[in-house]
Structures are given as structure tokens and as C-alpha cells.
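*Asks:*
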Amino acid sequence: NMNAYSFLFTLFLSLQSQGKLEHFYFYLGFSYFNKQKMMEYNSTRGNWIGFTDFSIVASYYWNRDPWDRLERLVEMRLMCYENINFIQTIGNLSTTPSMRLKSVKQTDGRHPAMLVCSAYNFYPKQIKITWLRNDQEVTEGVSNTDAIPVGELYYQFHSYLEYTPTSGEKISCMVEHVTLSEPRIIVWNDSLPEGEKNKIIVGLSGLILGLVIFISGFIYYKKKCKLGRSVISTTVNMQ
């Protein structure tokens, strides 16, 4: 059954040696039949080796076939040399995460507070977020999402902390990512954000203004009513 016959090719690209990036191109080809590995081609050796009686004989003839040798060289050129720049570009892509720490409304009533520490638009996807309470790691009440793909390249990640607030404590989240030279720590500030403060100030100003207008109108109305009664009384007395 020739449909069970297949090839698998694997590519190894580069090594770091003594601070210099040295490129070693390993081209490995595997021949399978019914999921059993029959032969292996290694570009470093430049030949096939067999693993069964049949494939040992086949590899003997393949290694002496000039067309097979040429085919391996063409494949290595197409798969390795023509794609190395693209592969290196993909490997060098990295983006620093943007961070946000905010409060989340409690929905189940089990804990009085919940915070979420979020990382957005980062690459690669490996990231770690650690919760700290007074600079000590917190593990209880912590839950994390998986790294969520955003578009074709970037990721976002969210870590939640359920906790009971205590006066004078410091809650923070620490973010570690390959693009950061050192962990980034964001401290939770439970005071209202400037925007929320402005909203409250505007609301109170409107309430006070409305109250002043109402009181002024009420005083004017009372004075008008009192003046009206005085005029009627004077008219009656004159008659």
C-alpha cells in the first residue's frame, strides 16, 4: 500500500556559541511505512541510513543515486537557506506588554473585593503575573486566564485576585516578560481615579446649584404670597 508510505523532514537552524550567533543547518529526512521509521537522511552526514533489512538495502542504493543526492541539496536550499531570514525575523519579534490594574465588581458575594491585573498586546505569549501583599507573594484567591490571542500576533493575559481589604496594606501585581529587563510592579491605589473624582465634583456642583435655585425660588414664592396677602388686607381695610 503505497499510500502508507510517507516522508517527514525536520529543520534545525542555529546555535549560540561563545556570545556569537553561529548558524548550523541540520536537515533531517525520515522515511516511514505504516508509521514505522524505515530510513533517515542527515545533511551533516550527507547520506541515508536504514533501520530494517529492506530499508538498509534501499538506503545503500539511494546513497549511490546522484539524483537523490541532488534532490536533497535542492530541498535543503529551498527549506533552509531561502527561509532563514524569514525565520530569524519571526524569532526576533517581541512586544512589551501594556499593563492595567483595576477593581472588579464582586458578583458572588463570597469576598468583599476583587482586582484584575491585565497585560495587553505582548509577544511572545509566555508571561507571568504574581500578586503581592505587603511585598509577599499571594497564592490564595488567585485565578488566571490563558494567554488569549489578539489578531495574528499579539496576546493578552488577565490575573484575578479575590481578597479582604485591610487598612494600611499594599496590594500589587508583578509582571515578568522576556521583553522586560526587570519585573514590572504595579501598586493598587484604592483611591478614586482622577476621572471619577471629576465626575463626583461635577455631580455635586450640579446638585448644589439645583438646591440653591430651588431655595431661591421657594423664598421668592413665599415673599410673593406674603406681599399678595398684605395688599388684599390693605384693600379690605380701606373699604
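Per mature numbering (1 follows the signal peptide of the UniProt record, and there is no 0), the sequence shown runs over residues -19 to -1, 1 to 220. Backbone N, C-alpha and C define an ideal beta-carbon position, used for all residues, glycine too.
To the nearest angstrom, how far is it from the Cα of residue 29 to the Cα of residue 135?
*Replies:* One C-alpha to the other measures close to 41 Å.
*Asks:* If you run the structure through DSSP and keep just helix, strand and coil, what is residue 53?
*Replies:* In the structure shown, residue 53 sits in a helix (DSSP, three-state: H, G or I).
*Asks:* Identify whether residue 125 lies in helix, strand or coil by the three-state DSSP scheme.
*Replies:* Residue 125 falls in the strand class under three-state DSSP.
*Asks:* Nearest-angstrom Cα distance between residue 152 and residue 190?
*Replies:* Those two C-alpha atoms are separated by around 39 Å.
*Asks:* Do you know offhand how far residue 137's Cα is from residue 41's?
*Replies:* Their backbone Cα atoms lie some 53 Å apart in a straight line.
*Asks:* By alpha-carbon positions, which one of 147, 118, 196 ends up nearest to residue 156?
*Replies:* The shortest C-alpha separation from residue 156 is found at 118.
*Asks:* For residue 44, which residues from the same chain have a beta carbon less than 7 Å from its beta carbon, with the 5 sequence-adjacent residues on both sides left out?
*Replies:* Hits under 7 Å: 28, 29.
*Asks:* Quick one: what does DSSP say residue 113 is sitting in, helix, strand or coil?
*Replies:* Looking at residue 113 - three-state DSSP - the assignment turns out to be strand.
*Asks:* Around the Cβ of residue 21, are there at least 16 other Cβ atoms within 10 angstroms (buried) or fewer (exposed)?
*Replies:* So residue 21 counts as buried.
*Asks:* Report the rounded CA-to-CA distance for residue 144 versus residue 112, giving the unit in angstroms.
*Replies:* Each residue's Cα considered, the two are about 11 Å apart.
*Asks:* Pick from 169, 130, 110, 140: whose alpha carbon is nearest that of residue 158?
*Replies:* The shortest Cα separation from residue 158 among 169, 130, 110, 140 belongs to 110.
*Asks:* So, helix, strand or coil for residue 81, using DSSP?
*Replies:* Three-state result, residue 81: strand.
*Asks:* Please name the residue, chosen from 94, 163, 132, that lies closest to residue 103 on a Cα-to-Cα basis.
*Replies:* Answer by Cα proximity: 132.
*Asks:* Can you give me the Cβ contacts of residue 36 inside the same chain, cut-off strictly under 6 Å, excluding the 5 residues immediately before and after it?
*Replies:* Hits under 6 Å: 19, 20.
*Asks:* Across which residues does DSSP place residue 163 in a beta bridge pair?
*Replies:* Paired residue(s): none; residue 163 is not in a bridge.
*Asks:* Buried or exposed: residue 96, going by 16 or more other Cβ atoms within 10 Å of its Cβ?
*Replies:* Buried.
*Asks:* Please look up how many angstroms separate the CB atoms of residue 80 and residue 100, rounded, as I've assumed it's under 8 Å.
*Replies:* With 8 Å as the limit, residue 80 and residue 100 qualify as a contact, their Cβ atoms being about 6 Å apart.
*Asks:* Measuring CB to CB, does residue 98 end up less than 8 Å from residue 140?
*Replies:* Yes.
*Asks:* With 16 other CB atoms within 10 Å as the buried threshold, where does residue 31 fall?
*Replies:* That one is buried.
*Asks:* Quick check on the burial criterion: 16 or more other C-beta atoms within 10 angstroms. Buried or exposed for residue 48?
*Replies:* That one is exposed.
*Asks:* Between the Cα of residue 14 and the Cα atoms of 114, 50, 33, which residue gives the shortest distance?
*Replies:* Checking every option, the nearest Cα to that of residue 14 belongs to 33.
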